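A quick write-up on the structure given underneath.
Number of protein chains: 2
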Amino acid sequence: MDFKLTVLGTASALPTVNRYPSAQVLEIRGRLFLLDCGEGTQMQMRRYSISMMKVEKIFISHIHGDHLFGIFGLLSTMAMSGRTAPLEIYAPAQFATILSFFKANFVEKMNFETVHFPLNHIKSPTIISETRNIEIYAFPLNHRIAAYGFMFREKTPQLNIRKDAIERYSLSLQEIGRLKKGENIYREDGSLLDCSELTYMPYVPRSYAYCSDTAPFEMLPSWIKGVDLLYHEATFDDSLREMAEATYHSTARQAAECALKAGVSNLLLGHYSSRFRFLDNLLEEAKSVFADTLLAYEGMVFDIPLKKSTCNENI
Amino acid sequence: MDFKLTVLGTASALPTVNRYPSAQVLEIRGRLFLLDCGEGTQMQMRRYSISMMKVEKIFISHIHGDHLFGIFGLLSTMAMSGRTAPLEIYAPAQFATILSFFKANFVEKMNFETVHFPLNHIKSPTIISETRNIEIYAFPLNHRIAAYGFMFREKTPQLNIRKDAIERYSLSLQEIGRLKKGENIYREDGSLLDCSELTYMPYVPRSYAYCSDTAPFEMLPSWIKGVDLLYHEATFDDSLREMAEATYHSTARQAAECALKAGVSNLLLGHYSSRFRFLDNLLEEAKSVFADTLLAYEGMVFDIPLKKSTCNENI
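The listed protein sequences correspond, in order, to chains A and B. Following the working numbering, the numbering of the first sequence begins with 1 at its first residue and continues without gaps. Following the working numbering, the numbering of the second sequence begins with 1 at its first residue and continues without gaps.
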């Protein structure tokens, strides 16, 4: 029941000795999702023992090299390693050209299908994919070119019936089924079986939002409201706010302001300008606005544990 | 007066945790040449403190991803770092498509010229570039697709006059000039100024040949005759000879046989299949044929020192 983020790259346009370009792997309940794919992603996946073959879906935020140049090597390695499972790629429309170029020039043999879902019709948070347990949203960001953020939310689980309620109210199977779906039931004798009293949510659904690259904009906090973890780019610090504006990026403070407004649980900073050898300033700047801020680093694993609710109180 | 090779990548098609795809930097007398450019080349250059901005010429052996996928990130970084110096790229004709694709899709601003020299007309060792001190040759290899090796040879230096000869024979400036060019001089009195006696070569010209990827073929040893250092791919070992044949690669033994026939001073193996976790077998196999064999590894520096000749004997 994992909900676990592994950071593969925290650099912005220019990588450094220790920082790779953008890439992250989100593992939810055994399913692997790759977020962006900067140069060296396949090597980083090997380094952190993440199976390339198990990646189900790739999400490309925008068509800038530092978020994309690893895709050629990754797809080649998947092809050479005999992948047959189809691969879904959610990316701006221009990615179609890139995929065609790759296939025309570099593929000797590829036994799996790549399905590209273009994102350019998306103007507000939209479900682009779902599994039994999660919904995946894309939403526009505010960058120099078309760019998209992604949000992963576990679906609201089916309610559990309180153990003591079944016997106490002699609940029938049919009544149990309806209560689990959240219905209140009026019995023929006029009594009420109150769903909110007889049931509880077995766990709190978890959520993650990935926002890179973007300048701040008004709607963003409301779109990612209350996520457990927000990754927000922090290319610059306060002293370079004008440069952030000019390049449609954010400062660490602006990332924190977004986190605060969105009421998220934790903020993860990344996409650091190569001019920052040390990142303490970025962290302090963000923490002065939003305390629960962390610096992303290569190899960092952020686990969002399942918060199980158990309800043993008597009614 | 350096003549120094730095190995950036020794993997073949599939990189491993420790092995990057093919790339090497050859530094000759302060000039930097990049040989192949697998994914992660720019990060490896940073790791080993090699300036990307100072690379004058790039040599791409063939259009397979593991020799090429780093070019996008490298060119992007050069562009963003404000490079203005033109960059020469020697690569098969198909590289033109790749360069156009890159410029059309990924370049916001690029203030340097890229000059692509296609190699496909080359059928035997041909000088493709020269500087004041060196000649650079390309020659065809024997791979699944058009592939080229490269050889760097210092030019034969101008001869030095033996110190004692000038006074002893009262050499005129004109005579000194002619002797330095290697001419024998008959004086009017009938005496001979014998160039081989009165001059010496100030140093022994150095040379390096890069051969990746290739199956063995008859002409290769004669084309790289006597180089100081030969890098020859050794994707497989003896037990996988059939696979080497089928994929147009070489075994470690075949690399060593080439080195032996060519009479090189040192052999460097690389381009290892990812199936080999340890490389001792490849080394032993090659050494059983050619003793002066070394295994290339990431970060390895192979320096070919200048062998100066001094001549202080009296004539």
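In this text, a Cβ means the ideal position worked out from N, Cα and C, and glycines have one as well. Every value quoted in this text rests on a predicted model; they were computed, and no experiment measured them.
Report the CB separation of residue 203/B from residue 157/B in whole angstroms; it is logged as a contact under 8 Å. For this step, residue 203/B is matched to residue 203 along the second sequence. For this step, residue 157/B is matched to residue 157 along the second sequence. Right, their Cβ atoms sit about 6 Å apart.
Go to residue 196/A, then tell me how far its alpha helix (DSSP H) extends in each direction, as first and last residue. Position 196 of the first sequence, counted from the first residue, corresponds to residue 196/A. Start and end: 195-198.
Kindly list, in the order they appear in chain B, the residues whose Cβ is closer than 7 Å to that of residue 40/A. Your numbering for residue 40/A matches position 40 in the first sequence. Under the 7 Å cutoff, chain B gives 39, 40, 43.
Contacting residues, own chain, Cβ-Cβ under 6 Å from residue 59/A (five flanking each side not counted): In the first sequence, residue 59/A corresponds to position 59, counting from 1. 35, 90, 150.
Could you spell out the range, first to last residue, of the alpha helix (DSSP H) harbouring residue 150/B? On the second sequence, residue 150/B is found 150 positions in, with the first residue counted as 1. For residue 150/B, no alpha helix (DSSP H) encloses it; the enclosing beta strand (DSSP E) starts and ends at 148-154.
Which residues, in order along the stretch 47-58 of chain A, keep a beta-carbon less than 7 Å from a beta-carbon of chain B? 47
Which word fits residue 229/B, buried or exposed, when buried means at least 16 other C-beta atoms lie within 10 angstroms of its C-beta? On the second sequence, residue 229/B is found 229 positions in, with the first residue counted as 1. It counts as buried.
For residue 53/A, the nearest candidate out of 125/A, 112/A, 4/A (CA to CA): Residue 53/A sits at position 53 when you count from the first residue of the first sequence. Measuring from the Cα of residue 53/A, the nearest candidate turns out to be 112/A.
Min CB distance residue 20/A to chain B below 8 Å: As a working note, residue 20/A is residue 20 in the first sequence. At least one chain B Cβ lies under 8 Å of residue 20/A.
Cα separation between residue 309/B and residue 274/A? What you label residue 309/B is simply residue 309 of the second sequence in a count that begins at 1. What you label residue 274/A is simply residue 274 of the first sequence in a count that begins at 1. Cα to Cα, the separation comes out at about 47 Å.
If the cut is a Cβ gap below 8 Å, which residues of chain B does residue 34/A touch? For this step, residue 34/A is matched to residue 34 along the first sequence. The premise fails here: residue 34/A is roughly 16 Å from chain B at the closest Cβ pair, so nothing lies under 8 Å.
Measuring alpha carbon to alpha carbon, tell me which of 304/B, 211/B, 10/B ends up nearest residue 262/B. The residue given as residue 262/B occupies position 262 in the second sequence. Taking only the C-alpha atoms, the option nearest residue 262/B is 211/B.
Using only CA atoms, which one of 277/B, 2/B, 21/B, 16/B lies nearest to residue 9/B? If you number the second sequence from 1, residue 9/B lands on position 9. Comparing Cα positions, the closest option is 21/B.
Let me see if you follow: with CB-CB separation under 8 Å, is residue 273/A close to chain B or not? As a position in the first sequence, residue 273/A is number 273, starting the count at 1. Residue 273/A does not count as touching chain B.
With DSSP run on the structure shown, which of helix, strand or coil describes residue 113/A? Working through the first sequence from its first residue, we reach residue 113/A at position 113. Looking at residue 113/A - three-state DSSP - the assignment turns out to be coil, as it is neither helix nor strand.
Beta-carbon separation of residue 184/A and residue 155/A under 8 Å? In the first sequence, residue 184/A corresponds to position 184, counting from 1. In the first sequence, residue 155/A corresponds to position 155, counting from 1. Not in contact: residue 184/A and residue 155/A (Cβ atoms no closer than 8 Å).
Which residues DSSP lists as bridging residue 4/A, in chain order: Counting from 1 along the first sequence, the entry for residue 4/A is found at position 4. DSSP lists 27/A, 303/A as partners of residue 4/A.
Under 8 Å, with one C-beta from each stretch per pair, do the stretch 231-243 of chain B and the stretch 252-268 of chain B reach the 3-pair mark? Between the stretch 231-243 of chain B and the stretch 252-268 of chain B, the count of C-beta pairs closer than 8 Å reaches three or more; the two stretches touch.
For residue 238/A, name the three-state secondary structure that DSSP assigns. To locate residue 238/A, count along the first sequence from 1; it is residue 238. Reduced to three states, the DSSP call for residue 238/A is helix.
Drop a sphere of 10 angstroms on the beta-carbon of residue 186/A, count the other beta-carbons inside from all chains shown, and report buried for 16 or more, exposed for fewer. Position 186 of the first sequence, counted from the first residue, corresponds to residue 186/A. The residue in question, residue 186/A, is exposed, as its Cβ has fewer than 16 Cβ neighbours within 10 Å.
Using a Cβ-Cβ cutoff of less than 8 Å, which residues in the same chain neighbour residue 99/A once the five nearest sequence positions on both sides are dropped? By one-based count along the first sequence, residue 99/A stands at place 99. Correct list, in chain order: 89, 114, 116.
Going by other Cβ atoms of all chains shown within 10 Å of its Cβ, with 16 needed for buried, is residue 82/A buried or exposed? Position 82 of the first sequence, counting from 1, holds the residue named residue 82/A. The residue is exposed, with fewer than 16 neighbouring Cβ atoms inside 10 Å.
Report the residue from 188/A, 285/A, 193/A whose alpha carbon sits nearest the alpha carbon of residue 176/A. For the purposes of this step, residue 176/A is identified with residue 176 of the first sequence, where counting begins at 1. Closest option to residue 176/A, judged by alpha-carbon separation, among 188/A, 285/A, 193/A: 193/A.
Enumerate in chain order the residues of its own chain whose CB-to-CB distance from residue 223/A is below 6 Å, with the five nearest sequence positions on each side excluded. Here residue 223/A refers to the residue found at position 223 of the first sequence. Correct list, in chain order: 125, 139.
Report the option in 77/B, 37/B, 44/B whose CA atom is closest to the CA atom of residue 61/B. Here the question's residue 61/B lines up with position 61 in the second sequence. The candidate whose alpha carbon is nearest that of residue 61/B is 37/B.
Can you list the beta strand (DSSP E) stretches of 3 or more residues lying completely in the stretch 252-294 of chain A, in chain order? 266-270
When DSSP builds the beta bridges, which residues end up paired with residue 85/A? If you number the first sequence from 1, residue 85/A lands on position 85. Beta-bridge pairing links residue 85/A to no other residue.
I want to check one thing, is the minimum distance from the CB of residue 210/A to the heavy atoms of the ligand MG below 7 Å? As far as ligands go, the structure on display features none, and thus does not contain the ligand MG.
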